[in-house]
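**Student:** Before I ask anything, let me first share the structure, which is written out below as structure tokens.
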Amino acid sequence: MNKTNNIVLVHGGFVDGAGWRGVYDILKKDGFNVSIVQNPTISLAGDVAATKLVIDSQPGSVILVGHSYGGVVITEAGTHPNVAGLVYITAFAPDKGESVNSLIANPPPGAPVPPILPPRDGYLFLDKAKFAASFAGDVDPATAAFMAASQVPWGLDALGGAITEPAWKSKPSWYLQVRDDKMIPYPAQQFMAKRAGATVVEVPGSHAIYVSNPNAVATLIEQAASGVK
Numbered sequence: 285m286n287k288t289n290n291i292v293l294v295h296g297g298f299v300d301g302a303g304w305r306g307v308y309d310i311l312k313k314d315g316f317n318v319s320i321v322q323n324p325t326i327s328l329a330g331d332v333a334a335t336k337l338v339i340d341s342q343p344g345s346v347i348l349v350g351h352s353y354g355g356v357v358i359t360e361a362g363t364h365p366n367v368a369g370l371v372y373i374t375a376f377a378p379d380k381g382e383s384v385n386s387l388i389a390n391p392p393p394g395a396p397v398p399p400i401l402p403p404r405d406g407y408l409f410l411d412k413a414k415f416a417a418s419f420a421g422d423v424d425p426a427t428a429a430f431m432a433a434s435q436v437p438w439g440l441d442a443l444g445g446a447i448t449e450p451a452w453k454s455k456p457s458w459y460l461q462v463r464d465d466k467m468i469p470y471p472a473q474q475f476m477a478k479r480a481g482a483t484v485v486e487v488p489g490s491h492a493i494y495v496s497n498p499n500a501v502a503t504l505i506e507q508a509a510s511g512v513k
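According to the numbering used here, numbering within the sequence shown proceeds without interruption in unit steps and concludes at 513.
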């Protein structure tokens, strides 16, 4: 696998692409062409379509990166012929027929329960008062408070969207496991990374590791771009 210079970043639920700024800055400084998908998170099909629009606009092969629910999006969109590899940042990596709903249906015993409020008109939000502790425990308080106040509505159709053909079965993958994640339990991360045959790197930190430790995230992306397994 030759070095891939085009990086496409896909955000997860409750947030938008602005959180990638730290990772973007590092990758740009290191000479990469970086694009960020602003997926609407209303439905999986819509997010996959938005991601494929960005992939189609790249001048060559792509490393596709997904955080959290963004992992579902890259699993479905990553079968695109221009995608050379997948990078999961403490993300869901579903198999065929799986969705976020099916993956979170039976959490490991004792796993923290994300403070997701009851649906409102088909959308989900996290409890603002508990957002920082659950999603962004190692992010500076002012930034975590802004993330809580600027949540993007997460559509139930996005959570229920099932994978038709998982890209990790045909593309090399990398996975950043985050031990202190309170949104996706660590054992679930381990299970999905192992099942996908991903090259694994582990760091301490919160679910918002891409905000709090962009260096660790960028380092793994650059490793993937170089084809290092």
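The beta carbon of each residue, even a glycine, is placed where N, CA and C say it ideally should be.
Source: prediction; values computed, not measured.
DSSP on Phe-409, reduced to helix/strand/coil?
**Tutor:** Coil.
**Student:** Counting along the chain, where does the beta strand (DSSP E) carrying Ile-326 start and finish?
**Tutor:** First-last for Ile-326: undefined, no H or E at that position.
**Student:** In the stretch 461–487, which residue ranges form an unbroken alpha helix (DSSP H) of at least 4 residues, counting only runs that do not cross its ends?
**Tutor:** If we require 4 residues or more, the alpha helix (DSSP H) runs fully inside the stretch 461–487 come out as 470–479.
**Student:** On the three-state DSSP scale, how would you describe Leu-348?
**Tutor:** Here Leu-348 sits in strand by DSSP.
**Student:** Measure the alpha-carbon distance for Val-349 versus Leu-328 and round it to whole angstroms.
**Tutor:** Using only the alpha carbons, I get a separation of about 16 Å.
**Student:** Within this structure, are the beta carbons of Ala-395 and Pro-469 separated by less than 8 Å?
**Tutor:** Yes. Within cutoff.
**Student:** Name the two residues that bound the continuous alpha helix (DSSP H) containing Ile-310.
**Tutor:** That run of the alpha helix (DSSP H) goes 305–313.
**Student:** Kindly indicate the opening and closing residues of the beta strand (DSSP E) around Gly-369.
**Tutor:** Here the beta strand (DSSP E) through Gly-369 covers 367–373.
**Student:** Per DSSP, which residues does Gly-445 bridge with? Please list them.
**Tutor:** Note: Gly-445 sits in no beta bridge, so no partner.
**Student:** Distance, Cα to Cα, Arg-463 vs Pro-425?
**Tutor:** Cα-Cα distance, rounded: 20 Å.
**Student:** Can you pull the DSSP bridge partners for Val-318?
**Tutor:** Paired residue(s): Ile-291.
**Student:** For Pro-498, collect the residues of the same chain with a Cβ closer than 7 Å to its Cβ; drop the 5 residues on either side in sequence, then sort them by chain order.
**Tutor:** Within the same chain, Pro-498 has close Cβ partners Gly-306, Val-307, Ile-310.
**Student:** Less than 8 Å separating the beta-carbons of Trp-452 and Thr-359?
**Tutor:** Result yes, Cβ atoms of Trp-452 and Thr-359 sit closer than 8 Å.
**Student:** With respect to the alpha helix (DSSP H) encompassing Phe-430, which residues constitute its N-terminal and C-terminal limits?
**Tutor:** 425–433 is the extent of the alpha helix (DSSP H) around Phe-430.
**Student:** Which of the three DSSP states is assigned to Phe-419 in this structure?
**Tutor:** Here Phe-419 sits in helix by DSSP.
**Student:** Helix, strand or coil: how does DSSP classify Tyr-459 here?
**Tutor:** The answer is strand: DSSP assigns Tyr-459 an E or B state.
**Student:** Checking the sheet assignment: what are the DSSP bridge partners for Gly-439?
**Tutor:** Answer is Tyr-407, bridged to Gly-439.
**Student:** Shortest alpha-carbon distance to Thr-351 belongs to which of Ile-388, Ser-345, Val-292?
**Tutor:** Looking at the sequence itself, residue 351 is His, so the reference to Thr does not match. His-351 has its Cα closest to that of Val-292, out of Ile-388, Ser-345, Val-292.
**Student:** Under 8 Å, with one C-beta from each stretch per pair, do the stretch 373–380 and the stretch 471–488 reach the 3-pair mark?
**Tutor:** Short answer: they touch.
**Student:** With Glu-382 as the anchor, note down where its alpha helix (DSSP H) starts and where it stops.
**Tutor:** Premise fails: Glu-382 is in no alpha helix (DSSP H) and is neither H nor E.
**Student:** Within its chain, find whatever has a CB closer than 7 Å to the CB of Val-436; leave out the 5 residues flanking it on each side and keep chain order.
**Tutor:** Phe-298, Val-299, Asp-300, Thr-325.
**Student:** Are the beta-carbon atoms of Lys-414 and Pro-399 separated by less than 8 Å?
**Tutor:** Yes. Within cutoff.
**Student:** Quick check: what's the CA-CA separation for Ser-454 versus Gln-507?
**Tutor:** Using only the alpha carbons, I get a separation of about 19 Å.
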